[in-house]
Structures are given as C-alpha cells and as structure tokens.
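Scroll down for the structure; my scribbles are underneath it.
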Amino acid sequence: PHAIHLRDYAPPAWLIDTVDLHVDLREEAATIRSTLAVRRNPAAASATAALDLDGQELELLAVRVDNRVLGPDDYTLTPDRLTLAGLPDQATVEITTRTRPQDNTALEGLYKSSGNYCTQCEAEGFRKITYFLDRPDVMARYTTTIEAERARYPVLLSNGNLTANGDSATEAGRHWARWEDPWPKPCYLFALVAGALVHIEDRFTTRSGREVALRIYVEPGNEAKCGHAMESLKKSMKWDEDVYGLEYDLDIFNIVAVSDFNMGAMENKSLNVFNTKYILAQPETATDTDFLGIETVVAHEYFHNWTGNRVTCRDWFQLSLKEGLTVFRDQEFSADMNSAPVKRIQDVQRLRQVQFNEDAGPTAHSVRPESYIEISNFYTPTVYEKGAEVLRMYRTLLGHAGYRKGIDLYFARHDGQAVTTDDFLAAMVEANGQKPTDPLWAQFQRWYTQAGTPVVSGEGRHDATAGTYTLTLRQTLPATPGQPDKAPQVIPVALGLLGPDGQDLPLTLEGEREAGATTRILALTEAEQSFTFVDVPQAPVPSLLRGFSAPVRLDFKQDDAALTFLMAHDSDAFNRWEAGQTLATRLILADVDARAQGGETAAPQAYIDAIAQTLARAGEDRTFAALALALPTEGYLGQQRVLVDVDGIHAARLGLRRTLARELNGAFRKAYDGNRTDGAFTITPDAMGRRALKNAALAYLMALDDAPARALCLAQYQGAATMTDAIAALALIADSAMDERASCLADFADRWKHEALVMDKWFAVQALSDRPDTLDRVRGLMEHPSFSIRNPNKVYALVGSFTANPSKFHAADGSGYAFLADTVLTLDKLNPQVASRMVKPLARWRPYDTGRQEHARAALERIVGTAGLSRDVYEIVSKSLA
Ligand code: DPP
Ligand code: ZN
Numbered sequence: 010p011h012a013i014h015l016r017d018y019a020p021p022a023w024l025i026d027t028v029d030l031h032v033d034l035r036e037e038a039a040t041i042r043s044t045l046a047v048r049r050n051p052a053a054a055s056a057t058a059a060l061d062l063d064g065q066e067l068e069l070l071a072v073r074v075d076n077r078v079l080g081p082d083d084y085t086l087t088p089d090r091l092t093l094a095g096l097p098d099q100a101t102v103e104i105t106t107r108t109r110p111q112d113n114t115a116l117e118g119l120y121k122s123s124g125n126y127c128t129q130c131e132a133e134g135f136r137k138i139t140y141f142l143d144r145p146d147v148m149a150r151y152t153t154t155i156e157a158e159r160a161r162y163p164v165l166l167s168n169g170n171l172t173a174n175g176d177s178a179t180e181a182g183r184h185w186a187r188w189e190d191p192w193p194k195p196c197y198l199f200a201l202v203a204g205a206l207v208h209i210e211d212r213f214t215t216r217s218g219r220e221v222a223l224r225i226y227v228e229p230g231n232e233a234k235c236g237h238a239m240e241s242l243k244k245s246m247k248w249d250e251d252v253y254g255l256e257y258d259l260d261i262f263n264i265v266a267v268s269d270f271n272m273g274a275m276e277n278k279s280l281n282v283f284n285t286k287y288i289l290a291q292p293e294t295a296t297d298t299d300f301l302g303i304e305t306v307v308a309h310e311y312f313h314n315w316t317g318n319r320v321t322c323r324d325w326f327q328l329s330l331k332e333g334l335t336v337f338r339d340q341e342f343s344a345d346m347n348s349a350p351v352k353r354i355q356d357v358q359r360l361r362q363v364q365f366n367e368d369a370g371p372t373a374h375s376v377r378p379e380s381y382i383e384i385s386n387f388y389t390p391t392v393y394e395k396g397a398e399v400l401r402m403y404r405t406l407l408g409h410a411g412y413r414k415g416i417d418l419y420f421a422r423h424d425g426q427a428v429t430t431d432d433f434l435a436a437m438v439e440a441n442g443q444k445p446t447d448p449l450w451a452q453f454q455r456w457y458t459q460a461g462t463p464v465v466s467g468e469g470r471h472d473a474t475a476g477t478y479t480l481t482l483r484q485t486l487p488a489t490p491g492q493p494d495k496a497p498q499v500i501p502v503a504l505g506l507l508g509p510d511g512q513d514l515p516l517t518l519e520g521e522r523e524a525g526a527t528t529r530i531l532a533l534t535e536a537e538q539s540f541t542f543v544d545v546p547q548a549p550v551p552s553l554l555r556g557f558s559a560p561v562r563l564d565f566k567q568d569d570a571a572l573t574f575l576m577a578h579d580s581d582a583f584n585r586w587e588a589g590q591t592l593a594t595r596l597i598l599a600d601v602d603a604r605a606q607g608g609e610t611a612a613p614q615a616y617i618d619a620i621a622q623t624l625a626r627a628g629e630d631r632t633f634a635a636l637a638l639a640l641p642t643e644g645y646l647g648q649q650r651v652l653v654d655v656d657g658i659h660a661a662r663l664g665l666r667r668t669l670a671r672e673l674n675g676a677f678r679k680a681y682d683g684n685r686t687d688g689a690f691t692i693t694p695d696a697m698g699r700r701a702l703k704n705a706a707l708a709y710l711m712a713l714d715d716a717p718a719r720a721l722c723l724a725q726y727q728g729a730a731t732m733t734d735a736i737a738a739l740a741l742i743a744d745s746a747m748d749e750r751a752s753c754l755a756d757f758a759d760r761w762k763h764e765a766l767v768m769d770k771w772f773a774v775q776a777l778s779d780r781p782d783t784l785d786r787v788r789g790l791m792e793h794p795s796f797s798i799r800n801p802n803k804v805y806a807l808v809g810s811f812t813a814n815p816s817k818f819h820a821a822d823g824s825g826y827a828f829l830a831d832t833v834l835t836l837d838k839l840n841p842q843v844a845s846r847m848v849k850p851l852a853r854w855r856p857y858d859t860g861r862q863e864h865a866r867a868a869l870e871r872i873v874g875t876a877g878l879s880r881d882v883y884e885i886v887s888k889s890l891a
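UniProt numbering puts the first residue of the sequence shown at 10, with every later residue one more than the last.
Set out below in structure tokens:
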C-alpha cells in the first residue's frame, strides 16, 4: 500500500455536471446504470488527460459514450479504475455495473442492514456503487431512480425531492421512485435507501417561511422511540438560524436509522443515515448519556448541511474544515441546550482521553494531515475534536462578533465550492480587517500543520513591594512521527487572578491605563513569555486556561492549598472542576509511586474536606457535582507517565475511591437518598442531574462493596424506572463479588434480549468489569446469540469496551493483546474500518514495561504478517511498529 500526499493535489482533469443514476435492486444483485455529463476542466493541468474513473469491487456490464457502445479495447479496466481515453471535450458517458449488496460486510458503498438497502459513501464508498470521479472537488447534480420489489421495499429514498414514482411497466410487483437533488454535491454525500420502514413526521417552518417536512424512518416497532431525535432536529434547525443565520434549503429532510453502521451517522444531503444508537431512545431503554448523544449527533449531521455540504472539502486532507467546524457547532449547540460548563468539561474529558492519547502515539497527525494510506483512518479525534478546539481558538482570539463576521464571509465567498482550511482562515481573518500573512495568523496556521499536544508550563511571582504579579509561561511541543522539530504556536491563555477573598481581581497589564476584565486572554506566542499585572497588592491565586482556552497540557507550579482554594472559589466552573482533577491526579500518582516502593500514601484531610464541600454544594449544579466527584480515569492517569504502571494506577485510584467512601460515607448516603428520582421518567436537566449525582454517590458507596451498599445497589437495580438507573446499578454489580451478580446479569439479558441497543450495554458492563475473569467472559460472550461480529455496535460494545478496561486489556501475561489480535484478524476480513478502529489500543504499546511490550509487539507482528491484510489495518499496525 502506498501513501497519498497533500502536496500532490491537482485539480481534476474532468468535471461531472450531472449524474443520472438508475438503481435496480434485486435479491441476487443490484444493477446500476449511471449517465454522466462530463467535460474537461478548464482549470486542469492537462487538456488531453484521459477520463480516469475510480471503481472497486464492481462488475462492469457496459460502457457507452455519446450513445456509442464501447468494446473492451476502447477502455482500460483495472481492479480500481476504468479509464476512457480519446473522449471529446464534452461527452455523455453511460456505465452499467453490478454489485452484490447482500455480501457487503464492510458496510461501505451499497449494503443491506436488517434486510433493507442503504448506502455509506464517505469517504470513498461511491466507487463501490459505480465508476466515478470519487473525490470531493467534483460536484454534480444528481437524479436517482430506484427500482425494487414493492412488497419488500415499499420505501424508496434518495437525496433531494421526490419528483416521480410508479409501478414498473414491465414487471408485476415492482415499483420505482425518482429523486432529484437541485444542489450540486460531491459523491460522498450521495445516499439511497430501500426498505420496509415506517416513519414519524413533523414540520419546521424556517425563518423565511419555508415549510420543511421532517421524517425519521425506522424499522417497524421503533416509531415510539424517535421523539427525542425529532425534537433535537427541530431545535438544531432553530439554533442554526439564531446563532449562525443559516437556514435549511429544501422542502424535505429525511433521517433513516439503520442498525449496521460503521460510524455514528452520515450527513448525506437531505437524507441523513444514522446508526440506530443515535436515534432510538426511551427512558426505559436509553440512558441520559444516550439522550444527550442523540441531541448532539442529530445536530451535528444537520449542521453539516452548511458546513460540509453547501461548502465542502477540496480534498480529504481538509476533512477538519467540515468536521472540526461542525463538532464545534454541535458542542456549542449542546452547551446552549444544557449546562454549558458541564458540556465543556465533558468535551475536554473526551479530548484528553482520546485525542491527547492519539497525539502521544504512533498515529499522531496534524489537524490537516500531510499524507495517508487509507483515508478512513483519518476520521480521528485529532481531525474532529482537536479541529473543534482550533475553531474555539479563532473565536477566543477574534471575539464572538468577529468570529461570526468570519463565518459570514466564509459562506459569502465559498457557497457551492470545495475549499481548504487556508480558505477558511483567510475568510476569518480578512473579515476582521487582518491578513493571513500577519505574524499572528501565519503562526496560528501551525495548529493545522503541527501534530502533538503543546505543554504549557510556568510559574507566577508576586512582588509585594511593587504590587505586581508576573506570570511566566513557556511552551514546548513534543516530537511526533515525521515531525522532530516544532515551532511555537499561538496559545490563547484565558487567565483570572483570585484575591485572598476568592473574588476575581480586575486585571491591568503593565502599561495599560485602566483596569480591564477579570478574565484576560493572553496570547502566548513565544517559547517563553512573561506578563506583568499591576495593582495587585496581595499574592493572588492564578486561574489559568479558564474554560480550557487551548488544547494543551498545563504544567503550572501551584501547591495543593492553591488548588483547594480554586476548587472552592474559582468563578470559572471549568477551573473549579479542573483544580479538583489536578489535585486528585497528584494524590493518586504519588500513591502509585509509594506502592511501587511497597508503601502507600494517605489522602490529606484538606482534599477530603474539599470533596465534602463539593458534596455539600452539589445542589447548585448536580451534574457538575457528579463530574467533580469523579476521579480522573486510569487512561488519563496513565498519560501523565512515561512508563504506565497499569496495576499501580488501578490500585491507587481504587484506594482513593475507598478512602473517600469510608471518610464521607454518611455524606454520600445523604446525597444518594436526597436525589432519588424513583419513577421519574423525565429527561429534564434537573432529573438528569439528580440521577448523575445519585449514581456517583452509589459508585462511591459500592467502592467498599459492603452489605449496606450492596443492598442499596440491588434495590436500585430491581426498582429502576430508567435505563440510566438500571445500568448504573448493573455496572456496579458486574464489578462486585456479590452473590446476585450472575442472576442480575441473566435477568437483564432475559428482559432485554429483543432490544439490540440495550444488549450493547449488557455486553459493555461485562467487558468493563473489574472481576478477574473478565477476559474469559468476553471470549464467551463472543458466542452469545445476541452478539454478532458483523454488527459494529456489538463489536464496539464488547471488544471496544474490553480495550477500555486498562487492567484487563493490559494484563501482564499478554492475554488481552492476543485476544485483540485474534479478533482484529477475524474482523479485517469482514469490515476493515471496524478492524482498524479496534486495533488502535494495541498500536499504543510503547509506554509499558518490557514484558507487556514484548507481548504487544508479538501480537502486532502476527497481524502485520498476515496475508491479505486491509490497507486500513496495515496502516495503523505498520506505523505502530515503525
Ligand atoms: N458521518 C460522519 C460525521 O458526521 C462523517 N462525516 O462526522
Ligand atoms: Zn461530521
């Protein structure tokens, strides 16, 4: 397999103006006739280049050019392209191909899910449907006619508007529908669905008065589970008008939920295809987290209509142009719909857990990568989540109004185009009277080009005589594969200074005449830089990186007392949470070191008191309190270490949980009892907050695994009215050695065996269990009737959860690694994208002891030495061994 490089980008030699697809669906195969209006691209380098179409796994039946049938000597056919030479400058090309959707286990291109046909074309799936210029800078207008058996496939959908339909004139029992999409689009946004589906319907009137029909299609029996997704869609449409001034542009918006889907969802023009996980929800079957996830993903895909569809990417190196921007938009939407600080904390947790991890490993890459072997491997936390942080930094540096001006100019300039992140940057800065070549913005570009997580370190110094406070900050960026040397980036540091009373001080930088705001944005642009504030009579406590103003690791010298002070007083909720996490991280890691020496450290009383305070104030924002009570994850703790002591971290973290559970037992019990919501099905922020807090308290109580806690937990499981409460209790039971463990798990499976998404939770709690026999159980569950290795959700729930269980996956004997290698090899033959996702935890094998390294290396070598490996898995594994 060879790499594709950004520097080799060239405009397409040909353009396609219109595509007329006729898709004939039969049980044995699908036949696709595609009529393309092609013409030479005036902007192309060559005026004589052949028309070189992408195509894979296709059976070519016929080719005609301007109505002339071509013979095999008139074209060149290889396993991945069809080349037509000697065409006139403008031509009509008609290509007929055959594919077998029923055999398509990769879930890319045209495939079947639960007996229904659907498609997934991003990034390069369209070439598995027909020969085409499968690249996002070729935008065409599509007409799609679908023909199928009426009884089995009553619903026929594609992009745009339904313009005609009817019965087959020649064959009884077959019908057809024609869809026309007036908006030119790249082929990755094409979609088609045919099946026995039912739908719910609603309406939305845009602010300019357009009446839009909204439909969500699901398998029969799931109609009642779509209400939340529909509400989320309407809220998204309204929010995009209010906040971005963006309106929907067709009279119909369809969503189809399918159970076999590699990703979360796909933003095909006016026909979004979703993983059922992000549509179906009722309080009995879905957790509060699921409800929030649906709201976010529905919004994300809807927002793509402008950021991705109306303005798309020139090439796949620009993926973050649409993904980073759209994630940022969905994050802000969810923040507005719920608690903004809570949402920010959750987003940062995710960024740290997955993106910082990626930055520290063999597949580290920049937000705009330089090269790839398989583009599917670049739908990453770096492109998505770090990309979103880059958008947030634009807004921090330009202000909300300046950011909006930039967005408006971006659409004014580029609507209908396929563009680059450079175009985006130019629009943002030029709308604000600046230039991309200005030093600040030239340097800001490095967020797109340099990989790795910057480390910001420093210290503050108070001069009592002068009444000044000087903050010195340094930045470094670790080397990453292919990028040994880095240059400083623009790091917006949001800073506050707390006086001894805990109040924010107005901040005046040396040389300024008037006191400024209490939170200032300092632009750290040098490797080391100092900022001096005047009128600071007493030593302040600094609060840095408020709201997590940049995606960096902060290593600021601050003692425990300052951190507990911030936990109690910081006006920035994110930093109140962050101070607690920093303190907990420090305590746990000290204990890890002590344990390595055969000792143990005790948590200081001040920390226990601070947690008691958090509990006492929990009523102010219960979801926030639940997050503040949670200790940093083992994964996050491991990231703080060059050599990860898997078992030490596990033991020390559990040790601190037990200490808090013992010391604050009464307070946790009170928090539990005071927030029971038995019988309350509502998903209001208040009800969700109560459940979050109550379940956080229950988790602490169960850390002791004693009789009172077990009784409480069992009672919650048995009496749970919501899935949130049921699964929270079941997860704790699955971790516990209690006698009822087996019967509760069996009871749950029996009750929910017909609900695939609920069974995913059942698989996950067992794979995440702390019990010693977890791997054996996971192996056994791979044979369970509800498990299928062909269903991505099942694989993510069972295998993915197991790899997220550090002490089990990283077992010293290498059993976890060997299991994963076996599974990845099986998966790779069926679904390379899922296999490649699953192998990533193994690829990050270096920061472990030599015993574990040897086991991991052996597992990776076994994978890479297997004949016929997909490019997807090959790329990840070969990079990890390099
Ligand atoms: N469907 C994926 C997403 O929305 C890829 N575009 O992010
Ligand atoms: Zn997206």
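Beta carbons: idealized from backbone N, C-alpha and C, even for Gly.
Taking each of Pro-613, Ile-354, Ala-570 in turn and checking the Cα distance to Pro-641, the smallest one comes out for Ile-354.
DSSP, reduced to helix, strand and coil, places Ile-597 within a helical segment of the structure shown. The ligand DPP has no heavy atom closer than 7 Å to the beta-carbon of Ala-115.
The beta-carbon distance between Asp-260 and Glu-220, rounded to whole angstroms, is 7 Å. This is short enough to meet the 8 Å contact definition. The nearest non-hydrogen atom of the ligand DPP is less than 7 Å from the C-beta of Met-275. Under the three-state reduction of DSSP output, Val-265 falls in the strand class.
Leaving aside the five residues that flank Thr-215 on each side, the residues in its chain whose CB is nearer than 6 Å to its CB run, in chain order, Glu-256, Tyr-257.
Restricted to the stretch 617-693, the alpha helix (DSSP H) segments that are unbroken, complete and at least 4 residues in length are 631-638, 643-648, 655-672, 674-683, listed in chain order. One thing to note: Ala-266 has its Cβ within 8 Å of the Cβ of Ile-288. Looking at the DSSP output, Tyr-381 sits in a beta bridge with Ile-13. Gln-65 sits in coil when the DSSP states are folded into three classes, being neither helix nor strand. Ranked by how close their Cα comes to the Cα of Thr-832, the residues Leu-790, Gly-683, Pro-794 have Leu-790 in first place. Residue pairing by DSSP places His-31 opposite Arg-42, Thr-154 in a beta bridge. The beta carbon of Gly-370 sits closer than 6 Å to those of Arg-853, all from its chain and outside the five residues before and after it, given in chain order. Not a single heavy atom of the ligand ZN lies less than 7 Å from the C-beta of Glu-304.
Counted as a single uninterrupted DSSP element, the alpha helix (DSSP H) harbouring His-864 occupies residues 859-873.
Contact between the stretch 186-203 and the stretch 160-169 is present: three or more C-beta pairs spanning the two stretches fall below 8 Å.
In this structure, DSSP gives Pro-490 a state outside helix and strand, which the three-state scheme calls coil. Closest option to Ser-539, judged by alpha-carbon separation, among Asp-602, Asn-284, Met-239, Tyr-478: Tyr-478. Here Asp-211 is bridged, per DSSP, to Leu-223. Remark: the C-beta of Glu-332 is in contact range of the ligand ZN, defined as less than 7 Å to any heavy atom. Cα atoms of Pro-515 and Thr-528: separation of roughly 8 Å, rounded to the nearest angstrom. By alpha-carbon distance to Asp-564, the top candidate from Ala-867, Thr-372, Leu-592 is Leu-592. Per DSSP, the continuous beta strand (DSSP E) segment holding Pro-501 begins and ends at 500-507.
Excluding residues up to 5 positions away in sequence, Gln-327, Leu-330, Arg-377, Tyr-457 lie with their Cβ nearer than 6 Å to the Cβ of Thr-430 in the same chain. For Leu-165, the enclosing beta strand (DSSP E) has its first and last residue at 164-167. Rounded to whole angstroms, the gap between the alpha carbons of Glu-394 and Leu-360 is 6 Å.
Taking C-beta atoms under 8 Å as the contact rule, Thr-485 and Ala-460 fail to qualify, at a distance of about 14 Å. Under the three-state reduction of DSSP, Trp-185 is assigned to strand.
Across the set Leu-624, Gln-842, Asn-76, the C-alpha of Gln-842 shows the shortest separation from the C-alpha of Phe-387. Arg-470 carries a strand assignment under DSSP once its states are collapsed to helix, strand and coil. Remark: C-beta atoms of Leu-754 and Gln-775 approach each other more closely than 8 Å. Residue environment analysis places His-313 among the buried positions, since at least 16 neighbouring C-beta atoms fall within 10 angstroms of its C-beta.
Asp-564 carries a strand assignment under DSSP once its states are collapsed to helix, strand and coil. Contact between Lys-770 and Ile-798 does not hold, since their C-beta atoms are separated by about 18 Å, which reaches or exceeds 8 Å.
Less than 8 Å separates the beta-carbon of Asn-125 from that of Leu-206.
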